[in-house]
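These notes concern the structure reproduced below.
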Amino acid sequence: MASTVFIAKESHPEESRVAASVDSVKKMISLGLEVVVQKGAGAGSQISDEAFAEAGAKLATATGAKSADVILKVRRPTDSETKSYKKGATVIAIMDPYGNEKALGAIAKAGLSSFAMELMPRITRAQVMDVLSSQANLAGYQAVIDATHEFDRALPMMMTAAGTVPAAKVFVMGAGVAGLQAIATARRLGAVVSATDVRPAAKEQVASLGAKFIAVEDEEFKAAETAGGYAKEMSKEYQAKQAELVADHIAKQDIVITTALIPGRPAPKLVSKAMLKSMKPGSLCVDLAVERGGNVEGAKAGEIAEVEGVRIIGYNNVPGRIAASASQLYAKNLLSFLETLIDKEEKTLAIDMEDELVKATLLTQGGKIVHPGFGGASDAKGDA
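Take a look at the structure:
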(Lines of atoms letter the chains of each structure in order from A and count residues from 1; the text may use other names and numbers.)
(Lines give C-alpha, C1' and ligand atoms only; values in the text may rest on other atoms or scores of the structure.)
Protein backbone atom coordinates (compact mmCIF):
# COMPACT_ATOMS: atom_id res chain seq x y z
CA MET A 1 0.00 0.00 0.00
CA ALA A 2 1.37 3.43 -0.97
CA SER A 3 2.65 5.69 1.81
CA THR A 4 0.59 8.73 2.77
CA VAL A 5 2.23 12.16 3.03
CA PHE A 6 0.54 14.84 5.14
CA ILE A 7 1.27 18.54 4.54
CA ALA A 8 0.63 20.28 7.84
CA LYS A 9 -0.64 23.80 8.38
CA GLU A 10 1.91 25.62 10.50
CA SER A 11 0.71 26.48 13.99
CA HIS A 12 3.36 29.08 14.84
CA PRO A 13 1.76 32.55 14.65
CA GLU A 14 4.72 34.04 12.73
CA GLU A 15 5.03 31.19 10.20
CA SER A 16 3.47 31.90 6.81
CA ARG A 17 5.41 29.31 4.81
CA VAL A 18 4.13 25.87 3.86
CA ALA A 19 6.01 22.60 3.29
CA ALA A 20 4.68 21.96 -0.22
CA SER A 21 3.97 23.65 -3.53
CA VAL A 22 1.57 22.70 -6.30
CA ASP A 23 4.51 21.30 -8.25
CA SER A 24 5.87 19.25 -5.32
CA VAL A 25 2.42 17.77 -4.71
CA LYS A 26 2.18 16.71 -8.34
CA LYS A 27 5.62 15.14 -8.17
CA MET A 28 4.86 13.23 -4.96
CA ILE A 29 1.70 11.85 -6.53
CA SER A 30 3.66 10.82 -9.64
CA LEU A 31 5.92 8.84 -7.30
CA GLY A 32 2.86 6.86 -6.24
CA LEU A 33 2.38 8.57 -2.87
CA GLU A 34 -0.97 9.64 -1.49
CA VAL A 35 -0.83 13.33 -0.56
CA VAL A 36 -3.11 14.92 2.02
CA VAL A 37 -2.99 18.68 2.64
CA GLN A 38 -4.40 20.29 5.76
CA LYS A 39 -7.01 22.88 4.85
CA GLY A 40 -5.58 26.39 4.86
CA ALA A 41 -1.98 25.19 4.90
CA GLY A 42 -0.99 27.27 1.90
CA ALA A 43 -2.94 30.44 2.68
CA GLY A 44 0.10 32.39 3.92
CA SER A 45 1.99 31.50 0.74
CA GLN A 46 -0.84 32.36 -1.64
CA ILE A 47 -1.61 28.71 -2.45
CA SER A 48 -5.31 27.96 -2.16
CA ASP A 49 -6.87 24.69 -1.07
CA GLU A 50 -8.38 24.48 -4.56
CA ALA A 51 -4.93 24.69 -6.15
CA PHE A 52 -3.68 21.81 -4.03
CA ALA A 53 -6.83 19.80 -4.80
CA GLU A 54 -6.44 20.41 -8.53
CA ALA A 55 -2.85 19.11 -8.23
CA GLY A 56 -4.31 15.83 -6.93
CA ALA A 57 -4.05 16.24 -3.17
CA LYS A 58 -6.81 15.33 -0.75
CA LEU A 59 -7.88 18.04 1.72
CA ALA A 60 -8.35 17.30 5.41
CA THR A 61 -8.43 18.87 8.84
CA ALA A 62 -5.57 18.44 11.31
CA THR A 63 -6.90 14.97 12.13
CA GLY A 64 -5.67 13.86 8.72
CA ALA A 65 -2.19 13.55 10.24
CA LYS A 66 -3.29 10.58 12.36
CA SER A 67 -3.04 8.11 9.49
CA ALA A 68 -0.06 9.68 7.68
CA ASP A 69 3.23 7.82 7.23
CA VAL A 70 5.15 11.03 6.52
CA ILE A 71 4.45 14.52 7.86
CA LEU A 72 6.09 17.44 6.09
CA LYS A 73 6.38 20.71 8.04
CA VAL A 74 8.30 23.93 8.04
CA ARG A 75 8.89 24.09 11.81
CA ARG A 76 9.39 21.35 14.38
CA PRO A 77 6.01 20.02 15.58
CA THR A 78 4.72 21.17 18.94
CA ASP A 79 3.97 18.67 21.68
CA SER A 80 0.24 18.70 20.89
CA GLU A 81 0.95 18.15 17.19
CA THR A 82 3.35 15.31 17.99
CA LYS A 83 0.68 13.55 20.01
CA SER A 84 -1.66 13.59 17.00
CA TYR A 85 0.74 11.62 14.79
CA LYS A 86 0.70 7.85 14.66
CA LYS A 87 3.56 5.96 16.26
CA GLY A 88 6.24 5.12 13.71
CA ALA A 89 5.45 8.07 11.45
CA THR A 90 8.27 10.13 9.93
CA VAL A 91 8.46 13.90 10.39
CA ILE A 92 10.64 16.04 8.13
CA ALA A 93 11.04 19.71 9.04
CA ILE A 94 13.41 22.47 10.11
CA MET A 95 13.77 21.00 13.58
CA ASP A 96 15.87 23.69 15.34
CA PRO A 97 17.47 21.03 17.56
CA TYR A 98 20.16 23.12 19.29
CA GLY A 99 19.12 23.89 22.84
CA ASN A 100 15.77 22.16 22.36
CA GLU A 101 16.60 18.72 23.74
CA LYS A 102 13.38 18.68 25.76
CA ALA A 103 11.31 18.99 22.59
CA LEU A 104 13.38 16.32 20.85
CA GLY A 105 12.80 14.04 23.83
CA ALA A 106 9.03 14.44 23.44
CA ILE A 107 9.25 13.59 19.74
CA ALA A 108 11.35 10.52 20.49
CA LYS A 109 8.99 9.43 23.27
CA ALA A 110 6.09 9.60 20.78
CA GLY A 111 7.85 6.95 18.68
CA LEU A 112 8.43 9.23 15.70
CA SER A 113 11.33 9.22 13.29
CA SER A 114 12.33 12.83 12.67
CA PHE A 115 14.72 14.46 10.21
CA ALA A 116 16.25 17.93 10.57
CA MET A 117 16.55 19.53 7.15
CA GLU A 118 19.02 22.14 8.43
CA LEU A 119 21.55 19.37 9.23
CA MET A 120 21.77 18.37 5.57
CA PRO A 121 25.46 17.90 4.67
CA ARG A 122 26.86 20.41 2.21
CA ILE A 123 27.90 17.92 -0.44
CA THR A 124 27.23 18.01 -4.17
CA ARG A 125 24.46 15.41 -4.02
CA ALA A 126 22.56 17.36 -1.37
CA GLN A 127 22.79 20.86 -2.84
CA VAL A 128 19.17 20.77 -3.99
CA MET A 129 18.16 19.83 -0.42
CA ASP A 130 20.06 22.64 1.32
CA VAL A 131 17.33 24.57 3.16
CA LEU A 132 19.82 26.82 4.92
CA SER A 133 21.05 28.13 1.58
CA SER A 134 17.64 28.45 -0.06
CA GLN A 135 16.15 30.35 2.87
CA ALA A 136 19.26 32.42 3.63
CA ASN A 137 19.36 33.54 0.01
CA LEU A 138 15.89 35.00 0.36
CA ALA A 139 16.71 36.48 3.78
CA GLY A 140 19.68 38.35 2.31
CA TYR A 141 17.48 39.80 -0.42
CA GLN A 142 14.68 40.72 1.97
CA ALA A 143 17.10 42.38 4.41
CA VAL A 144 17.93 44.96 1.76
CA ILE A 145 14.27 45.42 0.83
CA ASP A 146 13.36 45.97 4.50
CA ALA A 147 16.23 48.44 4.92
CA THR A 148 15.16 50.32 1.78
CA HIS A 149 11.61 50.53 3.08
CA GLU A 150 12.72 52.12 6.36
CA PHE A 151 15.49 54.30 4.90
CA ASP A 152 14.31 57.87 4.25
CA ARG A 153 16.64 58.45 1.33
CA ALA A 154 17.24 56.97 -2.12
CA LEU A 155 19.77 54.15 -2.48
CA PRO A 156 21.17 54.95 -5.94
CA MET A 157 22.87 58.22 -6.86
CA MET A 158 20.21 60.53 -8.30
CA MET A 159 21.34 63.29 -10.66
CA THR A 160 18.80 66.03 -11.28
CA ALA A 161 18.75 69.66 -12.36
CA ALA A 162 18.23 70.53 -8.71
CA GLY A 163 21.38 68.74 -7.66
CA THR A 164 22.84 65.31 -7.04
CA VAL A 165 21.80 62.91 -4.30
CA PRO A 166 24.75 60.66 -3.36
CA ALA A 167 24.37 56.88 -3.35
CA ALA A 168 23.72 55.24 0.01
CA LYS A 169 26.57 53.30 1.59
CA VAL A 170 25.71 49.72 2.61
CA PHE A 171 28.03 47.54 4.69
CA VAL A 172 27.35 43.79 4.87
CA MET A 173 28.95 41.86 7.73
CA GLY A 174 29.34 38.20 6.79
CA ALA A 175 29.72 37.02 3.20
CA GLY A 176 27.94 33.70 3.39
CA VAL A 177 24.83 32.90 1.36
CA ALA A 178 22.68 35.62 2.97
CA GLY A 179 25.47 38.18 2.89
CA LEU A 180 26.33 37.62 -0.75
CA GLN A 181 22.68 37.97 -1.77
CA ALA A 182 22.40 41.15 0.30
CA ILE A 183 25.47 42.53 -1.49
CA ALA A 184 24.05 41.65 -4.90
CA THR A 185 20.65 43.15 -4.10
CA ALA A 186 22.06 46.39 -2.68
CA ARG A 187 24.33 46.72 -5.72
CA ARG A 188 21.38 46.21 -8.09
CA LEU A 189 19.57 49.03 -6.29
CA GLY A 190 22.52 51.32 -6.86
CA ALA A 191 24.12 51.50 -3.40
CA VAL A 192 27.86 51.70 -2.77
CA VAL A 193 28.49 48.36 -1.08
CA SER A 194 31.28 47.03 1.12
CA ALA A 195 31.51 43.79 3.07
CA THR A 196 33.65 41.91 5.56
CA ASP A 197 34.18 38.27 6.46
CA VAL A 198 36.74 36.27 8.43
CA ARG A 199 37.38 33.88 5.53
CA PRO A 200 40.02 34.93 2.99
CA ALA A 201 38.13 33.14 0.20
CA ALA A 202 35.25 35.57 0.70
CA LYS A 203 37.32 38.47 -0.66
CA GLU A 204 37.08 37.20 -4.23
CA GLN A 205 33.35 36.48 -3.90
CA VAL A 206 32.68 39.97 -2.56
CA ALA A 207 34.76 41.59 -5.30
CA SER A 208 32.98 39.57 -8.00
CA LEU A 209 29.72 41.27 -6.98
CA GLY A 210 31.24 44.73 -7.27
CA ALA A 211 31.66 45.41 -3.55
CA LYS A 212 34.73 46.48 -1.59
CA PHE A 213 36.21 43.98 0.87
CA ILE A 214 37.06 45.30 4.33
CA ALA A 215 39.55 43.33 6.46
CA VAL A 216 43.00 43.53 8.02
CA GLU A 217 44.79 41.46 5.40
CA ASP A 218 47.97 40.49 7.23
CA GLU A 219 49.75 37.12 7.23
CA GLU A 220 47.45 35.73 9.91
CA PHE A 221 44.38 36.58 7.84
CA LYS A 222 45.82 34.87 4.75
CA ALA A 223 46.17 31.64 6.74
CA ALA A 224 42.81 31.95 8.46
CA GLU A 225 40.99 29.16 6.67
CA THR A 226 41.03 25.42 7.22
CA ALA A 227 41.29 22.83 4.47
CA GLY A 228 37.52 22.38 4.79
CA GLY A 229 36.88 26.04 4.05
CA TYR A 230 35.98 27.13 7.57
CA ALA A 231 37.39 30.07 9.49
CA LYS A 232 40.08 29.49 12.08
CA GLU A 233 40.02 31.12 15.50
CA MET A 234 41.90 34.41 15.19
CA SER A 235 44.34 35.79 17.76
CA LYS A 236 43.25 38.50 20.21
CA GLU A 237 45.66 40.89 18.52
CA TYR A 238 44.09 40.30 15.12
CA GLN A 239 40.56 40.61 16.51
CA ALA A 240 41.44 43.97 18.05
CA LYS A 241 42.89 45.29 14.77
CA GLN A 242 39.88 44.06 12.80
CA ALA A 243 37.44 45.57 15.30
CA GLU A 244 39.19 48.95 15.02
CA LEU A 245 39.02 48.85 11.21
CA VAL A 246 35.34 47.86 11.21
CA ALA A 247 34.44 50.52 13.79
CA ASP A 248 36.07 53.21 11.65
CA HIS A 249 34.26 51.93 8.55
CA ILE A 250 30.83 51.66 10.17
CA ALA A 251 30.93 55.35 11.13
CA LYS A 252 30.74 56.23 7.42
CA GLN A 253 27.85 53.86 6.52
CA ASP A 254 24.13 54.51 6.01
CA ILE A 255 22.98 50.88 6.30
CA VAL A 256 24.68 47.95 8.05
CA ILE A 257 23.39 44.39 7.47
CA THR A 258 24.66 41.64 9.77
CA THR A 259 24.36 37.94 8.93
CA ALA A 260 26.68 36.04 11.30
CA LEU A 261 25.35 32.82 12.84
CA ILE A 262 27.17 29.96 14.59
CA PRO A 263 25.24 26.65 14.78
CA GLY A 264 24.37 25.73 18.34
CA ARG A 265 25.70 28.96 19.84
CA PRO A 266 24.43 32.49 20.41
CA ALA A 267 25.06 34.89 17.54
CA PRO A 268 28.38 36.76 17.89
CA LYS A 269 28.15 40.45 18.75
CA LEU A 270 29.58 42.44 15.84
CA VAL A 271 28.20 45.95 16.29
CA SER A 272 28.47 47.70 19.66
CA LYS A 273 26.54 50.68 21.00
CA ALA A 274 29.69 52.75 20.55
CA MET A 275 29.71 51.84 16.85
CA LEU A 276 26.03 52.74 16.55
CA LYS A 277 26.67 56.08 18.23
CA SER A 278 29.32 56.88 15.60
CA MET A 279 26.85 56.44 12.72
CA LYS A 280 25.07 59.33 11.01
CA PRO A 281 21.51 60.34 12.01
CA GLY A 282 18.96 58.30 10.08
CA SER A 283 21.26 55.30 9.69
CA LEU A 284 19.90 51.76 9.87
CA CYS A 285 21.00 48.27 10.85
CA VAL A 286 19.33 45.03 9.78
CA ASP A 287 20.15 42.14 12.13
CA LEU A 288 19.48 38.79 10.43
CA ALA A 289 20.74 36.94 13.52
CA VAL A 290 18.29 38.55 15.94
CA GLU A 291 16.47 35.27 16.69
CA ARG A 292 19.75 33.86 18.02
CA GLY A 293 20.52 36.83 20.25
CA GLY A 294 21.57 39.24 17.51
CA ASN A 295 24.80 40.60 16.05
CA VAL A 296 23.91 44.18 16.98
CA GLU A 297 23.91 45.38 20.58
CA GLY A 298 20.38 46.43 21.52
CA ALA A 299 18.60 44.55 18.72
CA LYS A 300 15.18 43.19 19.71
CA ALA A 301 13.57 40.17 18.10
CA GLY A 302 10.40 41.03 16.20
CA GLU A 303 10.88 44.78 16.52
CA ILE A 304 12.54 47.85 15.07
CA ALA A 305 14.55 49.07 18.03
CA GLU A 306 16.32 52.42 18.29
CA VAL A 307 19.75 52.56 19.91
CA GLU A 308 21.93 55.69 19.94
CA GLY A 309 19.73 57.21 17.25
CA VAL A 310 20.10 54.23 14.89
CA ARG A 311 17.12 52.06 14.02
CA ILE A 312 17.84 48.32 14.21
CA ILE A 313 15.49 46.14 12.17
CA GLY A 314 15.11 42.81 13.96
CA TYR A 315 12.31 41.02 12.15
CA ASN A 316 11.77 37.35 12.95
CA ASN A 317 11.50 34.72 10.21
CA VAL A 318 12.73 36.98 7.42
CA PRO A 319 12.30 34.32 4.67
CA GLY A 320 8.67 34.05 5.77
CA ARG A 321 8.22 37.72 4.85
CA ILE A 322 8.30 36.54 1.23
CA ALA A 323 6.51 33.30 1.94
CA ALA A 324 5.42 32.45 -1.61
CA SER A 325 9.03 32.35 -2.82
CA ALA A 326 10.35 30.76 0.37
CA SER A 327 7.75 27.98 0.27
CA GLN A 328 8.48 27.25 -3.37
CA LEU A 329 12.17 26.69 -2.64
CA TYR A 330 11.60 24.85 0.64
CA ALA A 331 9.11 22.51 -1.01
CA LYS A 332 11.75 21.61 -3.60
CA ASN A 333 14.31 20.99 -0.84
CA LEU A 334 11.88 18.65 0.93
CA LEU A 335 10.80 16.83 -2.20
CA SER A 336 14.38 16.17 -3.26
CA PHE A 337 15.16 14.62 0.13
CA LEU A 338 11.90 12.67 0.32
CA GLU A 339 12.65 11.08 -3.06
CA THR A 340 15.78 9.49 -1.57
CA LEU A 341 13.65 7.85 1.15
CA ILE A 342 11.05 6.28 -1.17
CA ASP A 343 11.14 2.78 -2.64
CA LYS A 344 10.13 3.57 -6.21
CA GLU A 345 8.85 0.01 -6.82
CA GLU A 346 6.74 -0.33 -3.67
CA LYS A 347 5.75 3.37 -3.50
CA THR A 348 6.48 3.30 0.20
CA LEU A 349 8.92 4.83 2.64
CA ALA A 350 12.16 2.82 2.80
CA ILE A 351 14.82 4.57 4.85
CA ASP A 352 18.38 3.41 4.17
CA MET A 353 20.16 3.84 7.49
CA GLU A 354 23.55 3.70 5.75
CA ASP A 355 22.79 6.65 3.47
CA GLU A 356 25.02 9.59 4.41
CA LEU A 357 22.06 11.98 4.14
CA VAL A 358 20.08 9.91 6.63
CA LYS A 359 23.02 9.65 9.03
CA ALA A 360 23.48 13.41 8.97
CA THR A 361 19.84 14.42 9.46
CA LEU A 362 18.06 11.69 11.45
CA LEU A 363 17.33 12.98 14.95
CA THR A 364 14.95 10.49 16.54
CA GLN A 365 13.95 6.89 15.88
CA GLY A 366 12.64 3.95 17.88
CA GLY A 367 11.87 6.02 20.94
CA LYS A 368 15.36 7.52 21.20
CA ILE A 369 17.38 10.52 20.06
CA VAL A 370 19.84 8.84 17.72
CA HIS A 371 21.81 11.76 16.29
CA PRO A 372 25.34 11.76 17.79
CA GLY A 373 25.28 15.53 18.13
CA PHE A 374 22.33 15.37 20.49
CA GLY A 375 22.80 11.94 22.04
CA GLY A 376 23.00 13.32 25.55
CA ALA A 377 19.36 14.25 25.29
CA SER A 378 18.13 10.72 24.62
CA ASP A 379 16.36 10.53 27.95
CA ALA A 380 14.89 14.02 27.74
CA LYS A 381 11.20 14.38 28.38
CA GLY A 382 8.71 17.19 28.19
CA ASP A 383 6.75 19.54 26.00
CA ALA A 384 7.96 21.49 23.00
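Numbering (full-length UniProt numbering), first residue to last: 1 to 384. Cβ atoms here follow ideal geometry from the backbone N, Cα and C, with glycine treated the same way.
Residue environment for Gln46: exposed (fewer than 16 other C-beta atoms within 10 angstroms of its C-beta). The DSSP assignment places 236-250 as complete runs of the alpha helix (DSSP H) inside the stretch 229-266, in order along the chain (cut-off: 4 residues).
Within a 10 Å sphere around the beta-carbon of Gln239 sit fewer than 16 other beta-carbons, which makes this residue exposed. DSSP, read as helix, strand or coil, puts Asp146 in helix. Proximity of the stretch 154-172 to the stretch 363-374 falls short of the contact definition, fewer than three beta-carbon pairs being nearer than 8 Å. As summarised for the stretch 77-115, the continuous beta strand (DSSP E) elements at least 3 residues long and confined to that stretch are 90-94, given in chain order. Rounded to the nearest whole angstrom, the C-alpha separation of Ile214 and Gln127 is 29 Å. Distance from the CA of Ser113 to the CA of Gly320, rounded to the nearest whole angstrom, comes to 26 Å. Beta-carbon to beta-carbon, Val307 and Gly298 are separated by about 4 Å, close enough to satisfy the 8 Å threshold. The residues Glu220, in chain order, have a CB closer than 8 Å to that of Ser235 in the same chain once the five nearest residues on each side in sequence are set aside.
Per the Cβ contact rule, the stretch 202-217 is in contact with the stretch 180-193 (3 or more Cβ pairs under 8 Å). Within the same chain, Cβ atoms closer than 6 Å to the Cβ of Thr348 are found at Ser3, the five residues on either side in sequence being excluded.
By the CB criterion at 7 Å, Ser21 and Gln328 fall inside the cutoff. Collapsing the DSSP output to three states places Asp152 in coil. Assignment of Gly163 by DSSP, reduced to helix, strand and coil, places it in the strand class.
The alpha carbon of Leu245 has as its nearest neighbour, out of Met275, Ile257, Pro268, Thr259, the alpha carbon of Met275.
Glu237 counts as exposed, since fewer than 16 other beta carbons sit within 10 angstroms of its beta carbon. Residue state for Leu180 is assigned as helix, using DSSP reduced to three classes.
Within the model, the alpha-carbon separation for Ala178 versus Val256 is close to 13 Å.
The closest CA to that of Pro77, considering only Gly64, Ile92, Lys66, is found on Ile92.
In the displayed model, Ile351 falls within coil according to three-state DSSP, outside both helix and strand.
Taking every protein chain shown into account, the CB of Thr82 has 16 or more other CB atoms within 10 angstroms, so this residue is buried.
The Cβ neighbour count for Thr148, taken over all protein chains shown within 10 Å, is at least 16; the residue is labelled buried. For Gly309, same chain residues with a beta-carbon under 7 Å away, outside a window of 5 residues either side, are Pro281 in chain order.
Close CB contacts of Ala110 within its chain, under the 6 Å cut and outside five residues either way in sequence, are with Thr82 (chain order).
In this structure, Arg75 lies away from Ala323, with their beta-carbon atoms at least 7 Å apart. The Cβ neighbour count for Ile313, taken over all protein chains shown within 10 Å, is at least 16; the residue is labelled buried. Under the criterion of beta carbons closer than 8 Å, Ile304 and Glu150 qualify as touching, at roughly 7 Å. DSSP places Ser30 in the uninterrupted alpha helix (DSSP H) bounded by 22-30.
With contacts defined by Cβ atoms closer than 7 Å, Arg311 and Leu284 form a contacting pair. Distance from Phe6 to Val25 at the Cβ level is roughly 12 Å; contact not present, criterion being Cβ atoms closer than 8 Å.
Per the DSSP secondary-structure output, Val296 pairs in a beta bridge with Val271.
According to the DSSP assignment, Val290 belongs to no alpha helix (DSSP H), since it is labelled neither H nor E.
In the DSSP annotation of this structure, the continuous segment of the alpha helix (DSSP H) that includes Ala51 starts and ends at 49-54. With respect to the 7 Å criterion, Lys241 and Val216 are classified as neighbours on the basis of their beta carbons. Assignment of beta-bridge partners to Ile312 by DSSP yields Cys285, Ala305.
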